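Residue numbers (the working numbering): 8 to 74.
Worksheet: the structure to be examined is printed underneath.
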Amino acid sequence: MSRTHTGDFLEEYEQQVDEIVVACGGDLHAALKALMLLNERLEQELEAMRGEMVEHLNRGRSYHFLN
8 MSRTHTGDFL EEYEQQVDEI VVACGGDLHA ALKALMLLNE RLEQELEAMR GEMVEHLNRG
68 RSYHFLN
């Protein structure tokens with residue numbers, strides 16, 4: 008990734024962090040907690056999707072095995 012792209016991402020992240028802190032009333036602790044809770048929820052969703060994918064793949068393998 009070039010420095011220009013990295014700089015663009017960093018500027019975007021800075022703006023998003025500022026927005027999150029403002030949304031939390033300027034409380035950095037609350038902003039960090041909100042981000043950690045969001046991350047936890049996203050990890051749970053990702054794990055659920057992985058489970059669904061494995062289940063789907065296993066059903067496909069069983070189908071091919073039976074035919």
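All C-beta atoms in this analysis are idealised placements derived from N, C-alpha and C, irrespective of residue type, glycine included.
Model, not experiment: these values are computed from the prediction.
- In the three-state scheme derived from DSSP, where H, G and I count as helix and E and B as strand, Asp25 is classed as helix.
- By the neighbour-count definition (other C-beta atoms within 10 Å, threshold 16), Ala30 is an exposed residue.
- Only exposed fits Ala55, as fewer than 16 other CB atoms lie within 10 angstroms of its CB.
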